[in-house]
Amino acid sequence: MARFDEGFFTGKDGLRLYWMSEQPEQPRAHVVVVHGYGDHIGRYRTTFDALTAQGFAVHGFDYRGHGRADGRRGFCNTWPDYLDDLAGFWERVRREAGDRKIFVLAHSHGGLMTAHLLARHGLEGVSGIVLSAPYFKLAITPPALKVVAARTVGRVLPWMPVKSGLTPEHLSRDEAVQRAVRQDPLYNSLATPRWFIESTLAQGRVMTLASELRVPLFLLAGAEDGVASVDAGRLFFEAVGSKDKVYKVYPGMRHEPLNELGKEEVQRDISNWISAHL
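Numbering of the sequence shown is given in this note's numbering, commencing with residue 3 and proceeding in unit increments.
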């Protein structure tokens, strides 16, 4: 039976961040899960359970401004703040894993963080990455007026909360998932001008980083994703420098394949891919 643990650790700048893990007695490998924007790691318990059932130790954390972590909701001073949070957690898991292989499973905004940290020569010793609906570009083009407003307000009130426009229906067709999101006090439906500016700049740079990604990659997406551009994910995949890469789109699924109707197929594909790289 898998053992569940949770707690807090301190980020590079002293911010308190939350972590949780689920581990079988003799794990075959370790997997670090990185959640999306507005999201939190507690929403990935079914993914944790599915992977531990296959013998993997699974670890995840809430980065700044999310879930049980400290910090203004949906805010960062600079994009590298997120990368520092992930780098710090990675080193914690790496010490615990010892000589066992470690993989990353990153969703949406977490995928954007992962790509940037790899290009910064972080995630030392990673054996492969799984990117779920990576947030490399918005699926729709935001109104020009909204972008100008964000940049203007961002100079004066960079932390000001505004509605993100993301609804539970954007995430999944599963009505149970939609209800859970509406009732979840830790789920954040707000954004901030500074986050919007920093993440948009990070998206603009991510394609130039693709050729530097040399580790095994499995990139997956829902065909009906209305949040993260499926085409941008495909272009990134094609530009990735690694020759060991797999791409899959799941028909009918929306932004969160791991929380979709038919998620069992997604979980099985991820588990099989990791197993093939042990």
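Heads up, the beta-carbon is just placed ideally off N, CA and C, and yes, glycines get one too.
For residue i and residue j, what's the separation of their Cα atoms in angstroms?
i, j, result
"A71", "R18", "6 Å"
"R196", "R256", "27 Å"
"G235", "L107", "15 Å"
"E126", "F238", "21 Å"
"W267", "V60", "Correcting the residue type first, residue 267 is Glu in the shown sequence and not Trp. Taking the straight line joining both Cα atoms gives about 19 Å."
"P26", "A4", "4 Å"
"D51", "E24", "8 Å"
"D281", "V95", "The structure shown does not extend to residue 281, since the chain is modelled only from 3 to 280, so the question has no answer here."
"M209", "D246", "18 Å"
"R181", "P170", "8 Å"
"P218", "V128", "9 Å"
"G73", "I272", "32 Å"
"P259", "R184", "18 Å"
"T12", "V34", "18 Å"
Can you say whether residue i is buried or exposed, counting buried as having 16 or more other CB atoms within 10 angstroms of its CB?
i, result
"S134", "buried"
"A204", "buried"
"P187", "exposed"
"S213", "exposed"
"G67", "buried"
"T116", "buried"
"S277", "exposed"
"D87", "buried"
"P253", "exposed"
"R45", "buried"
"I142", "exposed"
"T54", "buried"
"N190", "buried"
"E240", "exposed"
"G38", "buried"
"T80", "exposed"
So residue i and residue j are in contact, right, with Cβ under 8 Å, and what is the actual spacing, rounded?
i, j, result
"G76", "G40", "6 Å"
"G69", "Y20", "6 Å"
"S231", "F138", "7 Å"
"L280", "K103", "6 Å"
"P29", "G57", "6 Å"
Per DSSP, which residues does residue i bridge with? Please list them.
i, result
"D64", "Y20"
"G224", "Y252"
"K247", "L219"
"D292", "No answer is possible for residue 292: it lies beyond the span of the chain, which begins at 3 and ends at 280."
"K165", "L192"
"V33", "V60, F105"
Is the closest heavy atom of the ligand MG to the C-beta of residue i under 7 Å?
i, result
"S277", "The model on display carries no ligand, and the ligand MG is accordingly not part of it."
Problem set entry | the region 259–277 / the region 170–177 touching (three or more Cβ pairs under 8 Å) | These segments touch.
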